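Number 345 marks the last residue of the sequence shown (UniProt numbering); no jumps. Cβ atoms here follow ideal geometry from the backbone N, Cα and C, with glycine treated the same way. Remember, it's a predicted structure, so these values are computed and weren't measured experimentally. Encoded as structure tokens, the structure appears first; notes follow it.
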Amino acid sequence: MSNVSWTDPARAEVLHHWLQGLDPALGLRADTLRPASEDASTRRYLRLDAAQGPLVLMDAPPAGNDLRPFLQVGEQLRQAGLHAPQVLASSTELGFMLLEDLGDTPYLQALLQAEPKEADRLMRAAIGALVQWQSRADASSLPAYDEAFVRRELQIFVDWCVQKEHGRQWSEQQQTWWEMSCKALVRNMLDQPTVAMHRDYMVRNLMVCEPLPGILDFQDMVRGPVCYDIASLLRDAFISWDEERELDWAIRYWEQARRAGIPIGDDFGEVWRRIEWCGLQRHLKILGIFCRLKHRDGKPRYAEDLPRLFAYAIKVSTRYVELSPLTHLLQDLRGSLVQDGFSLR
């Protein structure tokens with residue numbers, strides 16, 4: 001395990017003993033363990049060679065992770081005919097999981113290099129998988145994405161983007177504007193029909209593999225608004241599309257969803273508004289999360305995408321009169337963003 005760094009050597013020993021106790025038929029070669037990827041959580045992913053080819057090991061310290069939702073939702077995804085990685089071995093007590101390897105090519109990497117025709121193929125596959133999941137999954141046992149949940153996420157923006165990143169304390173008038181904005185965004189979420197919701201259905205969590213796409217990072221699924229996941233896909237935190245393509249893909253999703261019996265609604269104009277507002281709430285949350293990663297977790301690279309997120313948020317808030325209070329708040333923060341040397345694209 002010399003290719004992997006461990007902040008806690010004892011955990012390396014625990015992993016070594018766990019691997020030794022697995023089925024010898026797997027043909028695991030612990031000496032080939034190497035980094036695969038990491039994300040914004042405390043989880044990380046390692047790769048090792050085995051008899052049938054490489055496998056992925058999820059290292060999820062149990063103090064901050066519960067693997068049971070991953071196991072349960074992953075099984076639901078596979079039963080719905082979708083490509084979630086097969087689980088070959090797991091220990092919820094120790095926080096380890098041995099998984100099918102979905103390869104080295106996330107959607108994000110492929111889309112950044114793709115010609116328009118290939119990008120369209122990949123995005124259509126992602127839309128088809130989303131419709132398949134929303135139409136087949138039983139969301140009744142998932143946690144509810146309710147008002148308290150939505151407000152907790154919005155508060156991340158206040159705590160980490162407004163106060164920590166920009167050093168602002170809002171006036172009484174600004175607090176009133178924020179509360180008006182929160183009420184509007186919460187109402188948008190609660191007024192929608194609910195389905196099984198990934199919460200991070202974005203291109204970093206989709207893999208280019210067969211069958212397409214491989215789906216990752218689904219353990220935090222909830223029962224939430226039908227337009228949220230398509231908003232996550234179209235208004236991604238790491239890659240942007242021109243609005244003509246966003247609309248084309250949104251219409252394809254809407255048409256497929258209606259044919260599949262998903263309660264999406266017959267008025268595309270209203271569906272598009274819901275998509276935009278879901279995306280706005282999500283971008284405010286991610287602005288807070290990326291600032292938290294920078295200041296609390298020592299991961300400053302996420303801050304490179306703050307201008308993209310501000311651009312998304314201001315674009316939407318200026319389109320709808322109900323969100324004009326939020327526009328005032330965002331424009332105020334954007335001024336300091338520009339002064340800090342960023343530019344909005």
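Roughly how many whole angstroms lie between the Cα atoms of residue i and residue j?
| i | j | result |
| --- | --- | --- |
| Leu-344 | Phe-310 | Only weak support exists for where Leu-344 lies, its pLDDT of 34 falling under 50; the coordinates are left without a value. |
| Asp-31 | Val-87 | 21 Å |
| Leu-234 | Glu-13 | 42 Å |
| Phe-268 | Glu-243 | 15 Å |
| Glu-304 | Phe-290 | 9 Å |
| Ile-127 | Gly-214 | 13 Å |
| Ser-5 | Tyr-45 | 12 Å |
| Leu-130 | Leu-280 | 20 Å |
| Ser-91 | Glu-75 | 16 Å |
| residue 359 | Asp-217 | Nothing about residue 359 can be reported from this structure: the residues present for the chain run from 1 to 345 only. |
| Asp-236 | Val-203 | 7 Å |
| Pro-225 | Ala-25 | 44 Å |
| Leu-212 | Glu-100 | 15 Å |
| Arg-319 | Glu-118 | 31 Å |
| Pro-307 | His-17 | 45 Å |
| Arg-151 | Leu-67 | 26 Å |
| Ser-171 | Leu-333 | 14 Å |
| Arg-301 | Glu-210 | 31 Å |
| Ala-60 | Gln-72 | 16 Å |
| Glu-147 | Leu-33 | 43 Å |
For residue i, which three-state DSSP category applies?
| i | result |
| --- | --- |
| Ala-80 | coil |
| Gly-341 | Because Gly-341 carries a pLDDT of 33, less than 50, the predicted location of this residue cannot be relied on, and no value is offered for it. |
| Ile-286 | helix |
| Thr-92 | coil |
| Ala-237 | coil |
| Ile-314 | helix |
| Tyr-45 | strand |
| Pro-116 | helix |
| Met-197 | strand |
| Gly-128 | helix |
| Arg-168 | coil |
| Glu-210 | coil |
| Leu-15 | helix |
Once the 5 residues before and after residue i are set aside, which same chain residues still bring their CB inside 6 Å of it?
| i | result |
| --- | --- |
| Leu-287 | Phe-157, Cys-161, Leu-309 |
| Leu-326 | Ser-181, Ser-317 |
| Gln-339 | At Gln-339, the pLDDT of 35 sits below 50, so the modelled position is not reliable and the matter cannot be decided from this model. |
| Leu-323 | Ser-317 |
Starting from the C-beta of residue i, find all residues in its chain whose C-beta is less than 7 Å away, skip the five residues before and the five after it, and write them out in chain order.
| i | result |
| --- | --- |
| Phe-251 | The sequence given here places Ile at residue 251; Phe does not occur at that position. Only Phe-268 meet the Cβ criterion. |
| Arg-199 | Asp-220, Met-221, Val-222 |
| residue 413 | For the chain, the structure presents residues 1 to 345; residue 413 sits outside this window and is missing. |
| Ala-80 | Gln-132, Trp-133, Arg-136, Ala-137 |
| Gly-64 | Thr-42 |
| Ala-313 | Leu-280, His-283, Leu-284, Leu-330 |
With a cut-off of 8 Å on the beta carbons, I'd call residue i and residue j a contact; round off their distance for me.
| i | j | result |
| --- | --- | --- |
| Leu-154 | Lys-294 | 19 Å between Cβ atoms; not a contact. |
| Met-123 | Met-97 | Their Cβ separation, rounded to whole angstroms, is 29 Å, which puts Met-123 and Met-97 out of contact at 8 Å. |
| Ala-84 | Leu-77 | 4 Å |
| Tyr-145 | Met-207 | Their Cβ separation, rounded to whole angstroms, is 25 Å, which puts Tyr-145 and Met-207 out of contact at 8 Å. |
Task: Any 3 or more C-beta pairs closer than 8 Å across the segment 258 to 275 and the segment 180 to 198 - done: yes
Task: Three-pair Cβ contact test at 8 Å for the segment 164 to 171 versus the segment 99 to 110 - done: no
Task: Cβ contact (3+ pairs, closer than 8 Å) linking the segment 131 to 138 and the segment 254 to 262 - done: yes
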